[in-house]
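Participant:
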Amino acid sequence: MTSILLMSAVSLFSSLYIQYVAGYQPCLYCYILRYLTIGIIGVSAFGTFAKSFTGDASAVLSSLGLVGTGLSAYLILDEAFPSASICTACSVTPIILGVSLYYYSIAFMSTVLAVSITILRN
121 MTSILLMSAV SLFSSLYIQY VAGYQPCLYC YILRYLTIGI IGVSAFGTFA
171 KSFTGDASAV LSSLGLVGTG LSAYLILDEA FPSASICTAC SVTPIILGVS
221 LYYYSIAFMS TVLAVSITIL RN
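In this note's numbering, the protein residues as written are 121 to 242.
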C-alpha cells in the first residue's frame, strides 16, 4: 500500500508540474485520470494506516486501476489514430524522455491494478 501511495503522489505532482510549469493544458480525460489518481492516493493512504481494511482498500484500488488502465489505453488509441478525433484537445501530447505521457499513465495504472490484486489475493 505504501508503494502505491508514493507512486500516486509522484504521478499527481508530475501532472500538476506538466500543467502549471510546462504549460500543457489537460483535456477532460486527463482530468479524469488526475481524479482517479487522487482517489488512489486517498484509498491507499487509508489502507496504509488502517491495516484492518487492507482487503477492502485493495478491492477499491483494483477498480480504480482498471478504470485508469482502460482510459489510458483509450488515449493511446486516440494518439495512434488521430484522424478518429476522439479527443481534439489531445492533439499535442507531452513527450517525456522520448515516451508519450499516456504510456506512463497506462504503466502507472496497470501497476496499481496488479499490485492491488496481489494484495487482495494474499
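Even for Gly, the Cβ is constructed at its ideal location relative to N, Cα and C.
Remember, predicted model here, so these are calculated numbers, not experimental data.
1) I need the DSSP call for residue 219, collapsed to helix, strand or coil.
2) In or out: residue 137 buried (at least 16 other Cβ within 10 Å) or exposed?
3) I'd like to know if the segment 211 to 221 and the segment 169 to 176 are in contact, where contact means that at least 3 CB-CB pairs between them fall below 8 Å.
4) Which ranges would you report for the alpha helix (DSSP H) in the segment 128 to 165 if only whole runs of at least 4 residues count?
5) With distances taken Cα to Cα, identify the nearest neighbour of residue 159 among 185, 135, 172, 223.
6) Apart from the five residues just before and just after residue 170, which ones in its own chain have a Cβ nearer than 8 Å to its Cβ?
7) Restricting to Cα atoms, I'd like to know which of 123, 201, 232, 191 is closest to residue 150.
8) Among the candidates 220, 153, 233, 139, whose CA atom is the shortest distance from the CA of residue 181?
9) Count the other CB atoms, across all protein chains shown, that sit within 10 Å of the CB of residue 156; report buried if there are 16 or more and exposed otherwise.
10) Can you tell me whether residue 172 is buried or exposed? The criterion is at least 16 other CB atoms within 10 Å of its CB, across all chains shown.
11) Is residue 213 helix, strand or coil when you go by DSSP?
Facilitator: This is what the structure holds:
1) strand
2) exposed
3) no
4) none
5) 185
6) 177
7) 191
8) 233
9) buried
10) exposed
11) coil
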